[in-house]
Structure formats: C-alpha cells, structure tokens
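Written out below as structure tokens is the structure these notes cover.
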Amino acid sequence: MQIKEAQIFEGERITSSIGLMVTIISFGMLFATLFLGFAVFRINSPVWPPMGFKRPDLFYPVLSTIIIGVSSFFIEKFSRVFKKSDFFLSLLFGILFLISQFSLWKNLHEHGIFASSGIFGSLIYAFTWIHAGHMVIGLSLLLFLIPLIFKTEYTNKNKLKINNVTKFWHFLAIVWVLMFFFLFIF
Amino acid sequence: MAFFEQHIHDEPTNFLKKYIFSQDHKIIGKQFLWMGIFFLGVGGLMALMIRWTLAFPGQAFPVIGQFLFPDTAGVIPPDTYAMLFTMHGTIMIFYAITPILIGAFGNFLIPLMIGARDMAFPFMNMASFWISFVSGIVLLMGLFTPLGAAASGWTSYPTLSTLIGDPGQGQTLWTVAIFMLGVGSTLGSINYITTIITLRAPGMGYYDMPLSVWGLFMTAVLNVIFLPVLGAGCLLLLFDRLFGTTFFLAGAIATNGSGDPVLFQHVFWIFGHPEVYILILPAWGIVSDLLAFFARKPAFAAKTTALCMICITALSTLVYGHHMFTTQMSPLLTQTFMTLTMTISIPSAIFFTNWLGTIWKGSIRLDSPMLFALGVVFVFGLGGLTGLYLATVTTDIYLHDTYFVVGHFHYTMAASVLLGGFAAIYFWMPKMFGVKMNESLAKWHFWLSMIGLNGIFMGMMIVGYGGMHRRLYNPFVYDFMQNLIPMNLFITYSAFLMGAAQLIFVYNFIATLISGEKTGANPWNVGTLEWTIPSPAPHYNFKEIPIVRCGPHEFGNPNLPPGKDFQYQTEELVKV
Amino acid sequence: MKWIFYHLGFLFFTPLMAEEHVAKKSYTLWDAFHMPENIEENGHLIDWLFNYTTIMITLFFIFVVIGIVGFCYFYHHKRHPKALYTYGTKRSQIIFATVIGTAVFFIIDINIVRISNDDFTKVFLNWPDETKEEVIKVEVLAQQWSWNFRLAGKDGVFNTEDDVVSTNDLRLPIGKKVYFQVTSKDVIHSFWIPNARRKVDAIPGRITRMWMKFTKEGKWDIACAEMCGTHHYLMKASLTTYSNEDFKNWLTQAQNHSLAENDRGTQDIYWGWNWN
Chain A
1 MQIKEAQIFE
11 GERITSSIGL
21 MVTIISFGML
31 FATLFLGFAV
41 FRINSPVWPP
51 MGFKRPDLFY
61 PVLSTIIIGV
71 SSFFIEKFSR
81 VFKKSDFFLS
91 LLFGILFLIS
101 QFSLWKNLHE
111 HGIFASSGIF
121 GSLIYAFTWI
131 HAGHMVIGLS
141 LLLFLIPLIF
151 KTEYTNKNKL
161 KINNVTKFWH
171 FLAIVWVLMF
181 FFLFIF
Chain B
187 MAFFEQHIHD
197 EPTNFLKKYI
207 FSQDHKIIGK
217 QFLWMGIFFL
227 GVGGLMALMI
237 RWTLAFPGQA
247 FPVIGQFLFP
257 DTAGVIPPDT
267 YAMLFTMHGT
277 IMIFYAITPI
287 LIGAFGNFLI
297 PLMIGARDMA
307 FPFMNMASFW
317 ISFVSGIVLL
327 MGLFTPLGAA
337 ASGWTSYPTL
347 STLIGDPGQG
357 QTLWTVAIFM
367 LGVGSTLGSI
377 NYITTIITLR
387 APGMGYYDMP
397 LSVWGLFMTA
407 VLNVIFLPVL
417 GAGCLLLLFD
427 RLFGTTFFLA
437 GAIATNGSGD
447 PVLFQHVFWI
457 FGHPEVYILI
467 LPAWGIVSDL
477 LAFFARKPAF
487 AAKTTALCMI
497 CITALSTLVY
507 GHHMFTTQMS
517 PLLTQTFMTL
527 TMTISIPSAI
537 FFTNWLGTIW
547 KGSIRLDSPM
557 LFALGVVFVF
567 GLGGLTGLYL
577 ATVTTDIYLH
587 DTYFVVGHFH
597 YTMAASVLLG
607 GFAAIYFWMP
617 KMFGVKMNES
627 LAKWHFWLSM
637 IGLNGIFMGM
647 MIVGYGGMHR
657 RLYNPFVYDF
667 MQNLIPMNLF
677 ITYSAFLMGA
687 AQLIFVYNFI
697 ATLISGEKTG
707 ANPWNVGTLE
717 WTIPSPAPHY
727 NFKEIPIVRC
737 GPHEFGNPNL
747 PPGKDFQYQT
757 EELVKV
Chain C
763 MKWIFYHLGF
773 LFFTPLMAEE
783 HVAKKSYTLW
793 DAFHMPENIE
803 ENGHLIDWLF
813 NYTTIMITLF
823 FIFVVIGIVG
833 FCYFYHHKRH
843 PKALYTYGTK
853 RSQIIFATVI
863 GTAVFFIIDI
873 NIVRISNDDF
883 TKVFLNWPDE
893 TKEEVIKVEV
903 LAQQWSWNFR
913 LAGKDGVFNT
923 EDDVVSTNDL
933 RLPIGKKVYF
943 QVTSKDVIHS
953 FWIPNARRKV
963 DAIPGRITRM
973 WMKFTKEGKW
983 DIACAEMCGT
993 HHYLMKASLT
1003 TYSNEDFKNW
1013 LTQAQNHSLA
1023 ENDRGTQDIY
1033 WGWNWN
C-alpha cells in the first residue's frame, strides 16, 4: 500500500513539476515580450535615457533587489528545512518588496518621471506594475500555504506544494533582477 | 505510461458542484460548448448585419433593425458597422472557435482518448472555464457603453485603438476581455500539455495517440507560448489608454520620447500568426482521424502527419511578418518572411497526400461526420492554396486589406474549422450525450452549408481580386467597385442561405437532446479508447485504466475474424 | 406559409429594385471577375504573377478534388467493401508523398518566390534617381478622413509657401516617375491606388515610400486601405493623370494659384516635411 502511495506521489510530483515548468515558460513569455519592446525602443533611440531624462536614483531599485533576494533566500531555506520562521520571514520580505516598489514609484514621481513621461517612464512603470501584479499572485500563493504551514507534520503533498510555490517565487525574483539590470543600470 | 493513476472520486451530489462549478472535464467541456455555440450565434448575427449593409446600404435591417437602431430608422450607422466587424472577428475567434474546438473538444476528448480519468489539474480546468466566461461578459458589456463597443477591427492597431482613435470605454473593455480570455486559455493549455505528457494510459506511446489529441497537443503548446505575448501587448495598450504611457503613440523616440505604432503590429502578429494555426490544428487532427474511421483503414502515414503538425507548429512562429508587408519593413526582413511562409506549404501538402492516401482504397461510408471531414479537406485546400498569393510580397501589396484576405482566412478558419467542429459534434454526440443526431437532417445541413460557405467566400475572393477593400461601410462610393455590386449581393444571399442552414443544425441538436435515439457504447465501430466505455461516458471515465496494445487506427486488418473490421486499442494486434 | 413567402419575397425583391437606383450602369455577376484597369507601368508584373500562381494552384487543387470525389465514388463501401490495410509506410508510398511535397515546393513555391523577389527588389524598391531623370515628388499626408497632397512649388523645396497643396485631388503626369513619401497625422491609414496595384501604409511618426509611373490618362480612385475609423469608407481621393502637356499647364496654373493665395500666417498649410 505504501509503495503504491509512494508511486502515486512520485507521479504527482513529476506531473506538478511539468505543469509548473510550462506555467513558468508561459509567464516568462509575457516578460520576454516586454523585454522585446524595451530592446526595440532602446536600440532605435540614439541616446538613452531619451528626452533628456536622467537615470532614476538607484537607492530604491537596489533596496528592492536586496529585499527580494532575501525573500528568495528564506523561502528556499524553508523549502529544505521547514522551519516555520523562515516562511514568515519570506512572506514579510515579500510584503516589504511591494512597499519598496511603492516607495520607488513615489521617488520617481518626485524626480518627474511619470507613466506619461514618454517612453522612458512608460517602460519603467509598465515593467514594475506588471511585475508587482505577479508578486501579488505570488503573495496570494504564500497566503494559501499558511494553513499548511501550521500543521505539525508536512505530508509529501504539502512539501510538493511548498516546493512549487518556491520555484514560482524564485522565477519572480529572477525576472526582477533582469529588470533591475536593464531598466536601471544598462 | 501514466505517471500515476488518478483516484475515482464519488460523483458530486450538490447541483452547484455537479453542473456549475464542476471539475469534471466532461462537464467543463460541455460548458465550453454551450458558451461557444451561444457566441457563434451572436457572431453569426453580426456577420449577417455586416452583409446586409454591404448589399443593401441605406436599407433598414429586417425584423430587429427598428428595435436596435431607432435613431436611424433601422439602418445600421457607420460607427455601429465598425463595431460589428470588430466584435464579429473577436467573438468568432476567441469566443466561438476557441471554446468549441479547443475548450469543448480539448477538454472532453483528451482524457478519454488517452485513457485518463480527468485532466491533471481539475481545479485549474474549472478556473479556465469561468475566467473565459467572465471575459465574454466583459466583452459584451462594451456594447452597452455610451460610445459603444470596440470599433478598431479585431486587430486593434494603434493609434486607432488608443485614445486618439477610439476614446470610448468599449475599447478598454475589449482589451481587458481579451487579456482575461488569454489567461483562461493559457491555464487550459497548461492543463492539456501536462495531461498529455503525464497521464497517457500504459502502452500508449506518443504515436499511439489519436491524431485529434496530437492536434490539440500542438495547439496547447502554441497557446502556452504565444498567448502571453498577446497578453503583454494588451497590457501595454491598456496602459496607453488608462495611464498615459506612450508605447504605441507615434513620434520620434529621441526627440519626444514617444512610441511606435508598428511595434504593436509586431507583437500582435507574433501571437496572431500562431493563433491561426492554434485554431486549425484541432480540426486537422479531428479530420485526420475521422477520415480513417470512415474509410475503415488506418490513417495513411499517421506518424508523418503528427510530425508535420510539429513542423507546422515550429514554422508558424517564424512567419508573422507576412501580415505586415505594407508597413515597409526592411527589404531583407520582408523577403525572409516571404520565403519562410512559403515553406509552410510543404508540410501542408504532405497533409493532403496523407488525407487522400487515407481514403484511397478504403471502404468509405459517407455518414455525416465523414461528409463534414471531406468538406474540410475541400475548403482547406482552397483556402490554404489562396494563402500563396498573400505570402508573395508583390501580389500581397495589391491584395492586402482587400476582401481577398477576408475570403482566404474565412476559408481556412471559418469554413474549415466550422465544418471540422460540426464533424466533431456529430461524431462525438453519442459519447457526450448518449444520443445520435438525425442523419438526413445532418446531410441537409452539410450540403446547404457547403453551398453557402463556398458562395460567400469564393465571392469574397472574387470581389477582393476586383479590388474591394475591407472594413467598408458603403462600397458603392467608389467608381472602380461599381462592377462588384452584383457579386456583393450574391455573397449576401449566400450568407443568408448559410445562416438558414444552421437552423437545421440547431433544430437537429435540440431535438436529439430531447428525444434522440439512444446509442450503445460504440455506434461508429471505432477502436479509440473513448468508445470502450458506455455512452454517455460515466463520471469516472474508466473503471479500470486501460492498457493500450495497438494503434488508434486499426481498421481493415486482414487477420481479423470475419464480421469485424476494427480492433479496440486495448486489444493485442492480431497477426496471422 | 403564405406569410413566410410574402416576407421572403419582400426581403429579396425590394433590394434588387434598390440596386438599379444606385448603380449607374447595370453590371452582371460576371463583371466582377476582373481587376481594375491597370494604369501603371509595372502593374502587369503583379497581374502576371497572380495569374501564374492561379494556374499553379488550380492544377494542385484539381488534383485534390479529383482525389476526393474519385475516391469517394470508386472506394465507396458498396463498391469496394474491403479496405486496403496499409499504414502508408511502404517505400513506394513514402516516395510518392516526398515527390509531391518537393514538387510543390520547388515548382510552385520557389518559382513564385524568385519571381516576386526580383520584382520587389529590382523594380518596386528601385527608387527613382533624381540625377538621372525627372522625378515628380509628392508628399502625402493621410488624416481622418481625407488625403492631403503636396507638390513642391517653383522653388523645388517642400514645406514652403509656394507648394501646391490639395485635398483629395491628386494630379500627375503619365510617362514620368512619381515618387511618394507618405505619412499620417493621426492613425494608421494606407495609401492605395487600385488601378496602379500598389499600396503603402501611412504610419504616424514615420515616412513610407512608393514610386510609380503612370501610363494612361484619366480619372481614377485613391482609397484608404487600413481601418482608420468611422468614415474610413469615405476616404476617397481622386487621381487625375494628364499627358505631359496638360500636366505642365495645370501645374503652372496651380503654382501661380498657390503663390497668390497661400496665407503665410496659417500654420496649417505647413504640414509638409523636408524631402528625405
């Protein structure tokens, strides 16, 4: 009986792994299209930033990158060791990331970069809004995991769910790192 | 080969859980079918209104005209006309074909044909339907806004689709609806891919799957990769409309930091070209199977057909530029797109040899699903071949945005997919509902539809050849089109015939559901896995997961005992 | 029953009567089967390639139809009760299919691509050279919902006050190369002259180009071939092609006209751009 259950679980694990991979490719294509648009605008513009804009202040982008990195670190640790505090730290840093995004937007406003400020502003805001939207999805997934977290023993199925959410979270972090590099530094 | 065996759950007893928020792929498939048929009717009515305006400009639309357009005494005004062709295109592509072929038949057939009890992710399946449904409501809401629904064509090129060209909320709602539908479709496709990879019954290799499943598999792959591209385009357009971003507003980038309208065209067609293959692949697969089933012999070179599907799937990603020849991309890019587009004709030609090879030396029974399948071969042959004119740059410069294009894509999308969809409905009716449709009504439906379809779309190609361009409210304004007026009338009459023929189908469908003859498990004597279980299929599909021992087209094997001309996939291949 | 027929008759016959009022000359169904008259020097290239493609695909399609109809007749189960059990994997069958596939590609596709490529690069993209021959330059500005045309005035420079500017009324000579630069003021339009077989999109924010050489005098339609809003169907302009003599006369008149009448104060007339 246990062997059969183990087999079923193994099958479910591979199935959800494939499903997750396909999902990440799909979400990745959305961001890839945004990067394509960015590339087209960047390549066709003789000077970047255009229109005499100055590059935004790097403080909040760097802060966001550090926060999301830390969040990723904690959730990865949680997915291996299953210490409850790691999960909540990751969740906390996820929320802090969104707060830092708001601060970033406020900071951009103070420097006169709005969504309606031509293509430069458009790109920064569109990317960060869409990424933030996906972070909200990620945070909702984390919230859905909370009832599981409080159980004393984690079944294999629960561990599988935690693993999947972790991978999705890492995906969002990697997308942010790429965005950070291309939008604010490159 | 299934990675795991799905449990048999009890059937839900709660009405909501059983019929509304069901996670059973068969119920979800039927929900998509109802949604698709409803929108097919709405889109069809819009088409009739368009044809009326083109044939009888200035005349009130009969019966419901006075009610819908009281301000103009029943005549369709020009801005409403723009909404009609926009919504017709959007509804037919995203809310009629996608739900019927991909949503309904994808959901219904995939687990049954591969020997699974349900999709890999039943909850996500249910979410996929409800998101699509809600997006349909959002789309229709556009019709009730003060400035009306979206009116910049289903392709919604900026800057017409930005606030410059279309300031109403209808266009914004359209963009939101398409985005939501993209999400729903993508979720569905993730499910299809995972299910096909992980839940095939033991013994079912990829090449033992029926070709219908192959078609749906390839469709899902394209969906998963390219719908997000459309999603990104829609989001950027939405931001342009709502938040003042300038992605698609025109201007020189360095001086006033504005965007590029043609970028939207690139993004749209990177999705748009695979989309047309998404729409036709299930029909190709279904036709390939049906031809074998009704010719009582194996599908000719079935493995090659599957490989051609993979090939076309890959090639379709490289050819999108042929929609943009008149925007003057660089000559090298233009020539590359032309050459690559031409290469698609190789796998397509091989499809045709395989289809003809299937019926060659068969023992053909001309039941209604077979008639429709042969109809698909005919109309897709015509439609696909006319694509050659449009792939060629120089002829495309004349034919772009004329009715020739409209005729071409309607032949390949409307006629082929519609006939394929009807073939599927007639064929799988017993498995879905336990009853079989009336054959003679079905034959009337087929012949009248064929006459209607060919009249409409051949007529369109002719007026397009004569120079009539698209999206015109009143073609009589132009001198060079005066000679095309009688043909326009002819097209409209064919359209009315086509519309009337569908009433036969509706009557047949409803009457069959109410009082049709009940069928046994396998009324068509076909060996794929869904026919090994009772009709209609029980909620758990298979009591015992079948073990697959031969291919899906085992017909006419000379070693079979007399009186039997096919084998179930679960039977060992009979040898001498 | 009678009610149905009465209303059906009403549906079908009234419009036929309406048709007579609208059409100036009465045409039959068969008059639809030809392209508009070709008035451009290289229009025949497109016509020829269209006809060549038609012949090629008709042959292939006849083959398919004969297959469908023939096989359904000869291999109907009443006539041919036992199907041939084959998977199409025999060598002969594979060779047959490969031959068809390659034949389609090399005889039809590559030929068409080669011809079209030559026409496209050597003719349509062979921009007129001002230093070698006289070129009539025209700037075209599309807007919702009309066409604006600009010819440089006597000074030969665009966007000066002596330019000949017109709305929906383009006049050009035959026998000389005409070079269009096209753009749009608001949404995407498409500058199309059906009788000359070619069109090019008018895109806001960029300039697209086309060149033509007309061969016949007369009055022709110009249409917009990209959905541009409610009155897209009304974006009709007229092209009048003159013989060289008549064109010179008209041009002189128009230039004098514009010099006398252009109000230098109005910004509106300076929609042109430096020819580039």
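Chains as they are written, first to last, in our numbering: chain A, 1 to 186; chain B, 187 to 762; chain C, 763 to 1038.
Every residue gets a Cβ at the ideal spot worked out from N, C-alpha and C, and that includes glycine.
Inset, instruction - Assign GLY401 (chain B) to one of two classes, buried (16 or more other C-beta atoms within 10 Å of its C-beta) or exposed (fewer than that). - result: buried
Inset, instruction - Tell me, please, whether the CB atom of PHE399 (chain B) is closer than 8 angstroms to any CB atom in chain A? - result: For clarity, residue 399 (chain B) is Val in the given sequence; the question names Phe instead. No, no contact with chain A.
Inset, instruction - Kindly indicate which three-state DSSP category CYS494 (chain B) falls into: helix, strand or coil? - result: helix
Legend entry - Touch test, the stretch 872-884 of chain C against the stretch 812-826 of chain C, Cβ-Cβ under 8 angstroms, three pairs minimum: yes
Legend entry - CB contact check: ILE439 (chain B) to chain A, cutoff 8 angstroms: Unreliable positioning characterises ILE439 (chain B) in this predicted model, as indicated by a pLDDT of 46, which lies under 50. The coordinate reading is nonetheless provided below. For ILE439 (chain B), the answer is yes, since a Cβ of chain A falls inside 8 angstroms of its Cβ.
Inset, instruction - Pull up the distance between the alpha-carbon of HIS655 (chain B) and that of PHE882 (chain C), whole angstroms please. - result: 22 angstroms
Inset, instruction - Find the residues of chain C that neighbour ARG482 (chain B), judging by a C-beta separation of less than 8 angstroms, and give them in chain order. - result: HIS839 and ALA845
Inset, instruction - Starting from ALA418 (chain B), find everything on chain A with Cβ-Cβ shorter than 7 angstroms and list it in chain order. - result: LEU30, THR33 and LEU34
Legend entry - Residue(s) in a DSSP beta bridge with LYS939 (chain C): Residue pairing by DSSP places LYS939 (chain C) opposite C:VAL897 and C:LYS975 in a beta bridge.
Legend entry - Closer than 8 angstroms to chain C by CB, GLY289 (chain B): no
Legend entry - Start-to-end residues for the alpha helix (DSSP H) that takes in ASP86 (chain A): Element bounds for ASP86 (chain A): 84-110.
Inset, instruction - Hey, could you find the ends of the beta strand (DSSP E) CYS986 (chain C) is sitting in? - result: 980-986
Inset, instruction - Would you kindly work out how many angstroms separate the C-alpha atoms of LYS83 (chain A) and TYR60 (chain A), rounded to a whole number? - result: 30 angstroms
Inset, instruction - Under 8 angstroms by Cβ, that's how I've got LEU477 (chain B) and SER398 (chain B) pegged, so tell me the actual separation to the nearest angstrom. - result: Not confirmed; about 12 angstroms, so no contact.
Inset, instruction - Check the Cβ-Cβ distances between LEU449 (chain B) and every residue of chain A, and say whether any is below 8 angstroms. - result: yes
Inset, instruction - With distances taken Cα to Cα, identify the nearest neighbour of ILE286 (chain B) among B:VAL453, B:MET644, B:LEU413 and B:LEU465. - result: B:LEU465
Legend entry - Assumed close pair MET524 (chain B), VAL579 (chain B) - CB separation to whole angstroms, cut-off 8 angstroms: Sure, about 5 angstroms apart at Cβ, within 8 angstroms.
Inset, instruction - Please list the segments of the alpha helix (DSSP H) lying wholly inside the stretch 468-547 of chain B, counting only runs of 4 or more residues, in order along the chain. - result: 488-501, 517-529 and 531-545
Legend entry - Below-8 angstroms beta-carbon distance, LYS629 (chain B) vs any chain C residue: no
Legend entry - Meets three-Cβ-pair contact criterion under 8 angstroms: the stretch 365-372 of chain B and the stretch 301-318 of chain B: yes
Inset, instruction - For PRO777 (chain C), decide whether its Cβ has a neighbour in chain B, counting only Cβ atoms nearer than 8 angstroms. - result: The predicted model places PRO777 (chain C) with a pLDDT of 42, which falls under 50 and marks its position as unreliable; any figure quoted below should be read in that light. Closer than 8 angstroms to some Cβ of chain B, the Cβ of PRO777 (chain C) qualifies, so yes.
Inset, instruction - May I have the straight-line CA-CA distance separating TYR392 (chain B) from ALA487 (chain B), to the nearest angstrom? - result: Distance from the CA atom of TYR392 (chain B) to the CA atom of ALA487 (chain B), rounded to whole angstroms, is 15 angstroms.
Inset, instruction - Leaving aside the five residues before and after VAL962 (chain C) along the sequence, list all residues of the same chain whose C-beta is less than 6 angstroms from its C-beta, in chain order. - result: VAL944, PHE953, THR970 and MET972
Inset, instruction - Could you tell me whether the Cβ atoms of ILE677 (chain B) and GLY641 (chain B) are closer together than 8 angstroms? - result: yes
Legend entry - Buried versus exposed, by CB contacts within 10 Å (16 or more), HIS783 (chain C): With a pLDDT of only 42 at HIS783 (chain C), under 50, the local geometry of the prediction cannot be trusted, and no value is derived from it.
Legend entry - Range of the contiguous alpha helix (DSSP H) that encloses ILE955 (chain C): No alpha helix (DSSP H) contains ILE955 (chain C), which is instead part of the beta strand (DSSP E) from 951-955.
Inset, instruction - Taking a Cβ distance cut-off of 8 angstroms, strictly less, list which residues of the stretch 687-717 of chain B are near chain C, in chain order. - result: Contacts with chain C (Cβ-Cβ distance below 8 angstroms) from the stretch 687-717 of chain B involve no residue at all.
Legend entry - Every unbroken alpha helix (DSSP H) within the stretch 145-179 of chain A, with a cutoff of 4 residues, ordered by chain: 156-179
Legend entry - Terminal residues of the alpha helix (DSSP H) in which HIS734 (chain B) lies: According to the sequence provided, residue 734 (chain B) is Val. The question's His does not apply to it. Per DSSP, VAL734 (chain B) belongs to no alpha helix (DSSP H) and is neither H nor E.
Legend entry - Residue(s) in a DSSP beta bridge with ASN902 (chain C): For the sequence presented, residue 902 (chain C) should be read as Val rather than Asn. Per DSSP, the beta bridge partners of VAL902 (chain C) are C:PHE911 and C:VAL944.
Legend entry - Pairwise C-alpha distance: LEU385 (chain B) and PHE189 (chain B): 6 angstroms
Inset, instruction - Give a yes or no on whether the C-beta atoms belonging to LEU421 (chain B) and ILE3 (chain A) are separated by under 8 angstroms. - result: no
Inset, instruction - Taking only the alpha-carbon atoms, compute the straight-line gap between TRP169 (chain A) and GLU153 (chain A) and give it to the nearest angstrom. - result: GLU153 (chain A) has its alpha-carbon roughly 23 angstroms from the corresponding atom of TRP169 (chain A).
Legend entry - CB contact below 8 angstroms: PHE82 (chain A) versus chain B: no
Legend entry - Whole-angstrom distance between LEU145 (chain A) and LEU494 (chain B), CA atom to CA atom: Strictly speaking, residue 494 (chain B) in this sequence is Cys, with Leu absent from that position. So the two alpha carbons sit approximately 43 angstroms from each other.
Legend entry - 4 or more residues per run - each alpha helix (DSSP H) lying fully within the stretch 563-638 of chain B: 579-585, 589-595 and 602-619
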